[in-house]
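Chemist: Dumping the structure here so I can ask a few things about it.
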Amino acid sequence: MHMLERAFVAVLNHKVWVAGALLTCLSLGLIATFLMTPLYTSTSRIEISPQAPVETDVEGAREKTIANEIAFFNTQYSLLESRSLAARTVRAGNLLNDKEFLAVYDLAEAEEGGTPNSAQRTRMAERAEKILLDAVSISPVRQSSLVDISFSTPSPGLSAKLTNLWVQQFVASNLDRRFAATSDARKFLEQRITSLRRNLEDSERELITYATNSGIITIEGRVDPVSGRTVSERTLASTDVEKISEALAKARDERVQAESQLNNSTSAADSWSNNAVSGLRQKRAELSADVARLSAIYGDEYPELLSKKEQLATLTRSIEAETGRARNINRETYSAAVKRENDLVGELDKITGKYRDQQRRSIEYAILQREVDTNRQLYDGLLQRYKEIGAAGVGTNNISVVDTGMPSRKPSSPNLFLNLALSLLAGLGLAAALVFLLEQLDQSIRDPSEVIDRFGLPLLGSIPKVEANDFEELLLDKKSMVYEAYLAAQTNLTFLTNHGAPRSFMLTSTRPAEGKSSSALSLASVFSQTDKRIILIDADIRSPSLNEMLEIDNKIGLSNYLTGFDDISALVETSPDFGFDYMLAGPMPPNAAELFSSARLGQLIDVLLRDYDHVILDAPPVLGLADAPLLARAVEGVMFTIDASSNSSRAIKSALARLRQTGAQIYGALVTKVGRRNEIYGYGYGYGYGYGYGYGADKKNGGEG
Numbered sequence: 132m133h134m135l136e137r138a139f140v141a142v143l144n145h146k147v148w149v150a151g152a153l154l155t156c157l158s159l160g161l162i163a164t165f166l167m168t169p170l171y172t173s174t175s176r177i178e179i180s181p182q183a184p185v186e187t188d189v190e191g192a193r194e195k196t197i198a199n200e201i202a203f204f205n206t207q208y209s210l211l212e213s214r215s216l217a218a219r220t221v222r223a224g225n226l227l228n229d230k231e232f233l234a235v236y237d238l239a240e241a242e243e244g245g246t247p248n249s250a251q252r253t254r255m256a257e258r259a260e261k262i263l264l265d266a267v268s269i270s271p272v273r274q275s276s277l278v279d280i281s282f283s284t285p286s287p288g289l290s291a292k293l294t295n296l297w298v299q300q301f302v303a304s305n306l307d308r309r310f311a312a313t314s315d316a317r318k319f320l321e322q323r324i325t326s327l328r329r330n331l332e333d334s335e336r337e338l339i340t341y342a343t344n345s346g347i348i349t350i351e352g353r354v355d356p357v358s359g360r361t362v363s364e365r366t367l368a369s370t371d372v373e374k375i376s377e378a379l380a381k382a383r384d385e386r387v388q389a390e391s392q393l394n395n396s397t398s399a400a401d402s403w404s405n406n407a408v409s410g411l412r413q414k415r416a417e418l419s420a421d422v423a424r425l426s427a428i429y430g431d432e433y434p435e436l437l438s439k440k441e442q443l444a445t446l447t448r449s450i451e452a453e454t455g456r457a458r459n460i461n462r463e464t465y466s467a468a469v470k471r472e473n474d475l476v477g478e479l480d481k482i483t484g485k486y487r488d489q490q491r492r493s494i495e496y497a498i499l500q501r502e503v504d505t506n507r508q509l510y511d512g513l514l515q516r517y518k519e520i521g522a523a524g525v526g527t528n529n530i531s532v533v534d535t536g537m538p539s540r541k542p543s544s545p546n547l548f549l550n551l552a553l554s555l556l557a558g559l560g561l562a563a564a565l566v567f568l569l570e571q572l573d574q575s576i577r578d579p580s581e582v583i584d585r586f587g588l589p590l591l592g593s594i595p596k597v598e599a600n601d602f603e604e605l606l607l608d609k610k611s612m613v614y615e616a617y618l619a620a621q622t623n624l625t626f627l628t629n630h631g632a633p634r635s636f637m638l639t640s641t642r643p644a645e646g647k648s649s650s651a652l653s654l655a656s657v658f659s660q661t662d663k664r665i666i667l668i669d670a671d672i673r674s675p676s677l678n679e680m681l682e683i684d685n686k687i688g689l690s691n692y693l694t695g696f697d698d699i700s701a702l703v704e705t706s707p708d709f710g711f712d713y714m715l716a717g718p719m720p721p722n723a724a725e726l727f728s729s730a731r732l733g734q735l736i737d738v739l740l741r742d743y744d745h746v747i748l749d750a751p752p753v754l755g756l757a758d759a760p761l762l763a764r765a766v767e768g769v770m771f772t773i774d775a776s777s778n779s780s781r782a783i784k785s786a787l788a789r790l791r792q793t794g795a796q797i798y799g800a801l802v803t804k805v806g807r808r809n810e811i812y813g814y815g816y817g818y819g820y821g822y823g824y825g826y827g828a829d830k831k832n833g834g835e836g
């Protein structure tokens, strides 16, 4: 059966308990609702704005921002329910002197004796704080930065007053925390800035002293505004090296040029670029031409020719003088260039040595410079932070009031429908717990097929529960469910042995009143309908029931034979209604167990089997008596009867164990009294036969035998 279906069946089986639990909880909820003091709720809404995060593209920064916002809001919610805020509200609202507050919560009566002393006021304040914390409700609005703050008290005016007081003090406490944090931060930064300023001054002083002592003179230095480091710093020595190197290169160029002019002094002197020499040479060329012409015409002694020759000699001497002067100038220029080059080389060697020495000393200088830069960077950063703290957050608050609390016209609680719904849920829970507990404690046979798993017995049949007065009529009616049930059991018996139904078997049970006697009579009747000769023996000589079911006197029977009476025919009678022979139990002997342990019982069954097809014994219950195990040894096998409503699985197992210890062959179980409760599980019988059965001895036990 499906689990849900089993649960439904369990509820139906215990419907009285379920109804009782529901009615009890609903009644308690209704009574509690009418006894509760009406409460009025006032709500104020505020907005809590988190600090704007700094935009960044760093991986994971957004997740961290979201986590910080969640932590921020959770912190604010906790602060809204803090005891410190309750204490501020008590002080700000002067609630210990508020007559309405004291009267509503009965604080004034709790402190007797006039004006409360200091200890009493302390206790009153603690009680007032606890009252406020119990009355306040914090409800964040989903998907927003809004928060609803509510107070529920017996007075609508007091609820509104407490709500607004609570909000005001929360806003004020937030400002106090911001100012306190700013003040502490400024004090801390002031101390750090003073210390860093001193460190910066000391490091700068040490740097200058070292530079002075080492002769290190820096020029063109500047501080990077981003990193705060000193960059592009040059010393005087490095500048001198650069300048002398440039001058030396220029002097070398001039010396090379002068040397070139000196080596080519003749051509240089004769160059037409020299204006003076060029003019003289032109005149000499003209005079040479005139001398040649006159000499050709007039001869060497011509006076004008002689004058021209004199002029030509003078010009030649002038040209040679100019050429010598030019050569001397080139020589002097070259000597000066060589001297300047040599002087610059010597000066460069000197300044280079000085520069190299400064470089060695600059290592320590660079260390000191880095220390100065680090101190300056720390100092500038803290100074900027100090200015920011001084300017940020002054006079601002990230909490704003959206709606103030107003007195409510209608009470918010008790809510009759809500309380009844909760009571119903509680009732359902209680009913479920009761049903579960009862089901766990209930060891009865809900499903006849359970005997297979519980006790290891085959199910031979399941018999419906009927009224005792209707039993005989139903058993004789072949269309009744009772007859069909026993017919099915009889059919199952025919498959137990290779010769069909066992020729001798007995019916027993764990305890009395489980339907074994009625079942023995019914099986005997059903067997007799198959043209079989059947004899039913009432072997329960301690508590016989066959005589009462057949409504005859129990004067003679089995006990007589066991005690020595040998006329079996005198002990056997025939039932005209059911069509089988029977032997009653007879008078109860004082030693029943001894009689069953004798050989006469087996001899009796052997004799009866000569004349009858089947011998059926209605045996006593197993527990408490030794009779049933002794009887089991005298028959082929045992049919074990189990009451479906029996709540003694442990006793049944114990009874079966006793039978098995004697070597008895237990064919299976016959489950009796299967009623409407078992019908729900699929093994009941309809058509009006779900009540109780049995008569005779069964009548005394309410239909059980």
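Take the sequence shown: its position 670, counting from 1, is numbered 801 in the working numbering, and each next residue is one higher.
Glycine included, each C-beta is placed from N, C-alpha and C at the ideal position.
(1) What separation, rounded to the nearest whole angstrom, lies between the Cα atoms of GLY440 and VAL422?
(2) Beta carbon of GLY799, beta carbon of PRO633: below 8 Å?
(3) Around the Cβ of PHE319, are there at least 16 other Cβ atoms within 10 angstroms (buried) or fewer (exposed)?
(4) Report all residues from its chain with a CB closer than 6 Å to the CB of ILE594; omit the five preceding and five following residues, and keep chain order.
(5) Just reading off the alpha helix (DSSP H) that PHE626 is part of, what are its end residues?
(6) For MET680, which of helix, strand or coil comes out of DSSP?
(7) In whole angstroms, give me the CA-to-CA distance for SER656 and SER611.
(8) Where are the beta strand (DSSP E) runs, 3 residues long or more, that stay fully inside the stretch 255-293, in chain order?
(9) Which residue marks the beginning of the alpha helix (DSSP H) containing GLY592, and which one marks its end?
(10) Quick one, which of SER776, THR793, ARG781 has its alpha-carbon nearest ASN144's?
(11) With VAL805 as the anchor, note down where its beta strand (DSSP E) starts and where it stops.
(12) LEU479 and SER376 - do their beta-carbons sit closer together than 8 Å?
(13) For the alpha helix (DSSP H) that GLU231 lies in, which residues bound it at each end?
(14) With LEU216 and GLN300 assumed to form a contact (beta carbons below 8 Å), what rounded beta-carbon distance in angstroms separates them?
(15) Just to confirm the assignment, what range does the alpha helix (DSSP H) spanning PHE727 have?
(16) Need the endpoints of the alpha helix (DSSP H) that ARG658 sits in, please.
(17) Terminal residues of the continuous beta strand (DSSP E) containing ASP758?
(18) How long is the line joining the alpha carbons of SER404 and VAL372, rounded to whole angstroms?
(19) DSSP state of ALA241, grouped into three classes?
(20) Could you check the C-alpha separation between LEU514 and ASN330 for me, to the nearest Å?
(21) When you compare each of VAL147, ALA138, ASN506, ALA163 to PHE548 by their alpha carbons, which one comes out closest?
(22) As an exercise, report each continuous alpha helix (DSSP H) stretch of at least 4 residues that is fully enclosed by the stretch 148-189, in chain order.
(23) Assuming SER276 and SER180 form a contact by the criterion Cβ under 8 Å, report the distance between their Cβ atoms to the nearest whole angstrom.
(24) Kindly examine the ligand NAP and report whether one of its heavy atoms sits closer than 7 Å to the Cβ of SER649.
(25) Thinking LEU624 and LEU591 are a contact (beta carbons under 8 Å), I'd like their distance in whole angstroms, please.
(26) Taking 8 Å as the limit between beta carbons, can you name the residues of its chain near LEU790, skipping five residues before and five after?
(27) Can you name, in chain order, every residue of its own chain whose Cβ lies under 6 Å from the Cβ of PHE709, other than the five neighbours on each side?
(28) Report the residue from THR253, GLU200, PHE203, THR206 whose alpha carbon sits nearest the alpha carbon of LEU226.
(29) How many angstroms separate the CA atom of ILE773 from the CA atom of LEU652?
(30) Look at the alpha carbon of GLY815 and the alpha carbon of ARG585, and state the distance between them as a whole number of angstroms.
(31) Take every Cβ of the stretch 667-674, pair it with every Cβ of the stretch 706-721, and state whether three or more of those distances are shorter than 8 Å.
(32) Strictly by DSSP, which residues pair up with TYR713?
(33) Measure how close the beta-carbons of LYS647 and ASP712 come, nearest whole angstrom, since I'm counting them as under 8 Å.
Modeler: Taking the definition as stated:
(1) For the record, residue 440 in the displayed sequence is Lys; it is not Gly. Inter-residue distance for LYS440 and VAL422 is about 7 Å (C-alpha atoms, whole angstroms).
(2) Their beta carbons are not under 8 Å apart, which means GLY799 does not touch PRO633 by this criterion.
(3) Result: exposed.
(4) Apart from the 5 residues on each side of it in sequence, ILE594 sits with its Cβ closer than 6 Å to the Cβ of ALA616, THR803 in its chain, given in chain order.
(5) Per DSSP, PHE626 is not a residue of any alpha helix (DSSP H), being assigned neither H nor E.
(6) Correct three-state label for MET680: helix.
(7) Between SER656 and SER611, the C-alpha separation is close to 14 Å.
(8) Correct list: 267-271, 277-284.
(9) Looking at the DSSP string, GLY592 is not in any alpha helix (DSSP H); the run it does join, the beta strand (DSSP E), is 590-595.
(10) With respect to the C-alpha of ASN144, the residue from SER776, THR793, ARG781 having the closest C-alpha is SER776.
(11) Per DSSP, VAL805 belongs to the beta strand (DSSP E) from 797-805.
(12) Cβ atoms of SER376 and LEU479: closer than 8 Å.
(13) Unbroken alpha helix (DSSP H) run through GLU231: 230-235.
(14) About 6 Å separates the two Cβ atoms, so the contact holds.
(15) For PHE727, the uninterrupted alpha helix (DSSP H) run begins and ends at 723-727, by DSSP.
(16) Checking the displayed sequence, the identity of residue 658 turns out to be Phe instead of Arg. First-last of the alpha helix (DSSP H) with PHE658: 647-659.
(17) Unbroken run through ASP758 is the alpha helix (DSSP H), 758-763; no beta strand (DSSP E).
(18) Reliability of the predicted coordinates at SER404 is poor, the pLDDT of 43 falling under 50, and the value obtained from them is presented with this limitation in mind. Computed Cα separation, rounded: 39 Å.
(19) Any reading at ALA241 needs caution, since the residue's pLDDT is 46, under 50, leaving its predicted position unreliable; the model's value is listed next. Of the three classes helix, strand and coil, the one that applies to ALA241 here is helix, per DSSP.
(20) In a straight line, the C-alpha of LEU514 is about 14 Å away from that of ASN330.
(21) Ranked by Cα distance from PHE548, the options VAL147, ALA138, ASN506, ALA163 are led by ALA163.
(22) Fully enclosed alpha helix (DSSP H) runs of 4 or longer: not present.
(23) Right, the Cβ-Cβ distance comes to about 6 Å (below 8 Å), so this counts as a contact.
(24) Annotation note on the ligand NAP: not contained in the displayed structure, which lists no ligands.
(25) Going by Cβ atoms, the distance from LEU624 to LEU591 rounds to 7 Å, so yes, they are a contact pair.
(26) Excluding positions up to five away in sequence, the list reads THR639, VAL753, ALA759, PRO760, ALA763, VAL769, PHE771, ILE797.
(27) Same-chain partners within the cutoff: SER656.
(28) Of the listed residues, the one whose Cα sits closest to LEU226 is THR253.
(29) Distance from the CA of ILE773 to the CA of LEU652, rounded to the nearest whole angstrom, comes to 16 Å.
(30) Low confidence applies to GLY815: its pLDDT is 46, below 50, so where it sits in the model is not reliable, and the reading given next is rough at best. Taking the Cα positions, GLY815 is about 20 Å away from ARG585.
(31) The answer is yes - the stretch 706-721 touches the stretch 667-674, with three or more Cβ pairs under 8 Å.
(32) Secondary-structure assignment with DSSP links TYR713 through a beta bridge to LEU667, GLU704.
(33) 19 Å between Cβ atoms; not a contact.
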